[in-house]
């Protein structure tokens, strides 16, 4: 988890509840790495107390950008734009990237990941729920209404996109990256 603010904490908690094991988390102070896994609730408590992931008692302490190099199944950039770029994209050791931050990759990094067969779920899909939730909360909606609106909106939009992409006329003869 690159970035353990609001997005990183919620993603880590959600994935841990689904059985995933968090092996690395970073914030502006550094990266905490524990190959056997770490206690997500403990890290969240540290952050809520104004501390760093580096204040946790277990794990190896590394530089802030070290999450890129750690071998993992899922890597989530959840903090800042352009964290992955042409100079470091070849170091990424993940099979799947779920972009929690806004614009965390440069176009060059996206191409490098594509060339390396790393599946990347882009930010406009992966973090759309947060934007929808914010809009519902701004309008005075409850947590339950926000979750239902997120589910309905993303399901509808995904269905429309899949239907459109299945149409033969949706495929241009030559894509810009060919």
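Numbering (our numbering), first residue to last: 8 to 185.
No residue lacks a Cβ here, since even glycine has one placed at the ideal position from N, Cα and C.
Bear in mind that the values here come from a model prediction, so they are computed numbers and not experimental data.
Own chain partners of residue i with C-beta closer than 7 Å, once the 5 adjacent residues on each side are dropped
| i | result |
| --- | --- |
| residue 16 | 51 and 54 |
| residue 181 | Reliability of the predicted coordinates at residue 181 is poor, the pLDDT of 44 falling under 50, and no value is obtained from them. |
| residue 103 | 80, 81 and 126 |
Close-in-space but distant-in-sequence residues of the same chain around residue i (CB under 6 Å, 5 per side omitted)
| i | result |
| --- | --- |
| residue 28 | 44 |
| residue 24 | none |
| residue 96 | 116 and 119 |
| residue 75 | 95, 98 and 99 |
| residue 46 | none |
Distance CB(residue i)-CB(residue j) smaller than 8 Å
| i | j | result |
| --- | --- | --- |
| residue 135 | residue 161 | yes |
| residue 105 | residue 81 | yes |
| residue 227 | residue 78 | The structure shown does not extend to residue 227, since the chain is modelled only from 8 through 185, so no value can be given for it. |
| residue 36 | residue 71 | yes |
| residue 6 | residue 91 | Nothing can be reported for residue 6: it is not among the residues displayed for the chain, which extend from 8 to 185. |
| residue 153 | residue 85 | no |
Those residues which DSSP pairs with residue i across a bridge
| i | result |
| --- | --- |
| residue 37 | 34 |
| residue 9 | 33 and 84 |
| residue 126 | 103 |
| residue 79 | 101 |
| residue 69 | 38 |
| residue 112 | 91 |
Which listed residue (the options) has its alpha carbon closest to that of residue i
| i | options | result |
| --- | --- | --- |
| residue 40 | 70, 107, 102 and 66 | 66 |
| residue 8 | 22, 33 and 21 | 33 |
| residue 21 | 167, 83 and 166 | 83 |
Between the CA atoms of residue j and residue i - distance to the nearest angstrom
| i | j | result |
| --- | --- | --- |
| residue 158 | residue 137 | 12 Å |
| residue 11 | residue 73 | 14 Å |
| residue 48 | residue 63 | 11 Å |
| residue 146 | residue 68 | 42 Å |
Same chain, Cβ closer than 8 Å to residue i, five either side skipped, listed in chain order
| i | result |
| --- | --- |
| residue 93 | 113, 115, 116 and 119 |
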